[in-house]
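Reminder that position 447 of the sequence shown reads as 447 in the working numbering, one-by-one numbering, no gaps. Note that beta-carbon positions come from the ideal geometry of N, C-alpha and C, so glycine has one too. Since this is a predicted model, take the numbers as computed values, not measurements.
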Amino acid sequence: MNWNSIFKKMNFWQLRHNSHRQFVLVVSCIVGALGGLSAIILKNVVHYTSHFLQRGINLGHANWPYLLFPLIGIVLTFLFVKFVVRDDISHGISRILQAISKNNAILKIHNTFSSIIASTLTVSFGGSVGLEAPTVLTGSAIGSNIGRFFRLDYHTLILFIGCGSAGAIAAIFKAPIAGVIFALEVLMLDLTMSSLIPLLISSATGATLAYFLMGRGFLFEFQIQTSFKLENLPFYVLLGIIAGIVSIYFTKANLSLEKQFQLIKKPWIRALIGGVITSLLIFLFPPLYGEGYGALNDLLAGNGLKLLEGSLFYPIGENGLLLLGFLLLILIFKVVAMTATLSGGGNGGIFAPSLFMGGVTGFFAARIFNPFFENRIPEANFALAGMAGVMAGVMHAPLTATFLIAEITGGYHFFVPLMIVSIISYLTIVPFEPHSIYTKRLAEMGELITHNKDKAVLARLSIEKLIETNFSTVSPDATLGEFVKVVAKSQRNVFPVIDTENNYLGVVFINNVREIIFNHELYDTVFVSNLMFMPDVWIERTATVEDVAKLFAETSHYNIPVLEKGKYIGFVSRANVFSNYREMIKEYSNE
Numbered sequence: 001m002n003w004n005s006i007f008k009k010m011n012f013w014q015l016r017h018n019s020h021r022q023f024v025l026v027v028s029c030i031v032g033a034l035g036g037l038s039a040i041i042l043k044n045v046v047h048y049t050s051h052f053l054q055r056g057i058n059l060g061h062a063n064w065p066y067l068l069f070p071l072i073g074i075v076l077t078f079l080f081v082k083f084v085v086r087d088d089i090s091h092g093i094s095r096i097l098q099a100i101s102k103n104n105a106i107l108k109i110h111n112t113f114s115s116i117i118a119s120t121l122t123v124s125f126g127g128s129v130g131l132e133a134p135t136v137l138t139g140s141a142i143g144s145n146i147g148r149f150f151r152l153d154y155h156t157l158i159l160f161i162g163c164g165s166a167g168a169i170a171a172i173f174k175a176p177i178a179g180v181i182f183a184l185e186v187l188m189l190d191l192t193m194s195s196l197i198p199l200l201i202s203s204a205t206g207a208t209l210a211y212f213l214m215g216r217g218f219l220f221e222f223q224i225q226t227s228f229k230l231e232n233l234p235f236y237v238l239l240g241i242i243a244g245i246v247s248i249y250f251t252k253a254n255l256s257l258e259k260q261f262q263l264i265k266k267p268w269i270r271a272l273i274g275g276v277i278t279s280l281l282i283f284l285f286p287p288l289y290g291e292g293y294g295a296l297n298d299l300l301a302g303n304g305l306k307l308l309e310g311s312l313f314y315p316i317g318e319n320g321l322l323l324l325g326f327l328l329l330i331l332i333f334k335v336v337a338m339t340a341t342l343s344g345g346g347n348g349g350i351f352a353p354s355l356f357m358g359g360v361t362g363f364f365a366a367r368i369f370n371p372f373f374e375n376r377i378p379e380a381n382f383a384l385a386g387m388a389g390v391m392a393g394v395m396h397a398p399l400t401a402t403f404l405i406a407e408i409t410g411g412y413h414f415f416v417p418l419m420i421v422s423i424i425s426y427l428t429i430v431p432f433e434p435h436s437i438y439t440k441r442l443a444e445m446g447e448l449i450t451h452n453k454d455k456a457v458l459a460r461l462s463i464e465k466l467i468e469t470n471f472s473t474v475s476p477d478a479t480l481g482e483f484v485k486v487v488a489k490s491q492r493n494v495f496p497v498i499d500t501e502n503n504y505l506g507v508v509f510i511n512n513v514r515e516i517i518f519n520h521e522l523y524d525t526v527f528v529s530n531l532m533f534m535p536d537v538w539i540e541r542t543a544t545v546e547d548v549a550k551l552f553a554e555t556s557h558y559n560i561p562v563l564e565k566g567k568y569i570g571f572v573s574r575a576n577v578f579s580n581y582r583e584m585i586k587e588y589s590n591e
């Protein structure tokens, strides 16, 4: 099958029958459908696999299989990634941001399926993570690879990545508005009409497909019964602060524990340790099993004591204080179980854990406040607001959190408290952690440039394409007369000096020797070694264009030599760098 021939025919057809904009709208629908379908397949496979594994477990007693299941899942995932995928597929959202920032919006083709398989193995066996990040990575990879198939430009590739993520989120939660806002707020896509319409199409397509294939049921089968009362506003403000504090703990603990796991150099030992820790914690606290949405549904339904079923605390569980203590321990150890799962080699995301911890936080706070305020606070409402709050704080995405909870619960009349809690939680965490959990790792590596257009443009420029090699070189032993002959044939006014092994020794500027260049008496007595000097700046071939731009901004140089381990390669010029920069800016601004 000649794919190149097929591509040419399809490209010719679309150019002949459709404008570029019409073509983008059609493809955005396809990308949204495929992203949504991947989410539906993943959710169903994990649900039925997990149900099959747990069908013989008696929830009324301590569940010894929980000591084994998560370990098996993490080890299987580790083996699949190591021997089949042979690539790092962890931190799905961060990987998307990195692709946009550093890799011209290119995601590898295996990302269209590898995360689905890996996360199925992890979460089905109880790994304490979510399925959203792998699904979003899958949808984004589908968009990226379809765009590459049609050889579309970088701007359109980014848009299709957003379309894939929007379709996946919309399908997995049946929340089309949240899908669009996630692409805009978390992936930092530009909000323009040319990008908004395709995102809306993809998101609506993904959600419609989910309704068609999965019915009208939601992850949280709960409708808000108690309306928001203005007199409870101070409690929601306080909950926002509490959710922000929990978000700080979530982020700091996750990153700290992750670094501790990285100290373990042998991957298979990390997998065993991560699996054992996760299994032990799930055995002690069964609500930590998998995504945790079942436990959230119990909290929303007012069945908090049901969370103790299957734990060692269950026989003495008819106790309100014991439940509060159990919930507090869950809040503490959920991050540990999540990090152990991921650092051990499991695959998943922090989307579901943040919602889980938010729901527990809201329910816990309501139980604490109500005895002192005549049970004025609806526990279910507080749990929902807490979900939005912790998600907003951890992901630095208050809009996504607000619309997501409103959509999946049908609680649009609950919008005000959701917004209040989300915004206050976000404002609480920002002074302590200016980056989201998705962007923190990239920021530490200096690769967080999706949020900075100047950096994004410079990162896309390749130093190799900017190197100019049409400079005439001279030997340090050449006489002034020989140098004049080289000058006569050159179109440049800079002359690099190199030895016989191409080692860079310095440079001669024509302006510095203009006074003696026509003095024939010096032609045989003055040598290039007497005229050259070593510039105060140069760059290695591995430098980034951002590094070069900084040097030009800090110095008055118009040309900077490029070396590779001391060997002369060429020069980069101020004019060439900024000319390419302006062209790239035009591409970004092209609507």
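Taken through DSSP and simplified to helix, strand or coil, T479 comes out as strand. In chain order, Y236, L239, G362, P417, L418, V421 place their CB closer than 7 Å to the CB of A385, counting only its own chain and leaving out the 5 sequence neighbours on each side.
DSSP places V572 in the strand class (E or B) of the three-state scheme. Between the C-alpha atoms of H47 and Q54 there is a straight-line separation of about 11 Å. The beta carbon of L67 sits closer than 6 Å to those of S279, F283, all from its chain and outside the five residues before and after it, given in chain order. If you ignore the 5 residues before and after L121, its C-beta comes within less than 6 Å of the C-beta of G73, L76, T77, all in its own chain and listed in chain order.
Under the three-state reduction of DSSP output, N297 falls in the helix class. Residue range 233 to 262 is occupied by the alpha helix (DSSP H) that includes N254. T400 and F182 do touch by the CB rule: their CB atoms are close to 5 Å apart, below 8 Å. Residue environment for P286: buried (at least 16 other C-beta atoms within 10 angstroms of its C-beta). Note on N63: 16 or more other CB atoms within 10 angstroms of its CB, so buried under the neighbour-count rule.
Per DSSP, P496 is one residue of the beta strand (DSSP E) stretching across 494 to 498. In the DSSP annotation of this structure, the continuous segment of the alpha helix (DSSP H) that includes N530 starts and ends at 528 to 531. Ranked by Cα distance from V537, the options K465, I560, L522 are led by I560.
Across the structure, I517 and F552 are spaced so that their CA atoms are roughly 29 Å apart. In this structure, the CA atom of A406 is about 14 Å from the CA atom of I169. Relative to P234, the option among T226, S475, I424, N493 whose CA is nearest is I424.
Taking each of Y504, A178, S128 in turn and checking the Cα distance to F571, the smallest one comes out for Y504. A residue is called buried once 16 or more other Cβ atoms fall within 10 Å of its Cβ, and Y289 is buried on that count.
Put simply, the backbone Cα of V494 is about 15 Å away from that of A575. Membership of G506 in the beta strand (DSSP E) is indicated by the continuous run 504 to 509. Between the region 330 to 341 and the region 108 to 115 there are fewer than three C-beta pairs closer than 8 Å, too few to call the two in contact. Counting only the Cα atoms, P353 lies some 9 Å from M391. Cβ-Cβ distances below 7 Å link E501 to nothing in the same chain once the five nearest sequence neighbours on each side are left out. Below 8 Å, too few C-beta pairs join the region 19 to 31 and the region 93 to 103 to call them touching: fewer than three. Distance check between Y568 and each of V474, S556, Q491 places V474 closest, using alpha-carbon atoms only.
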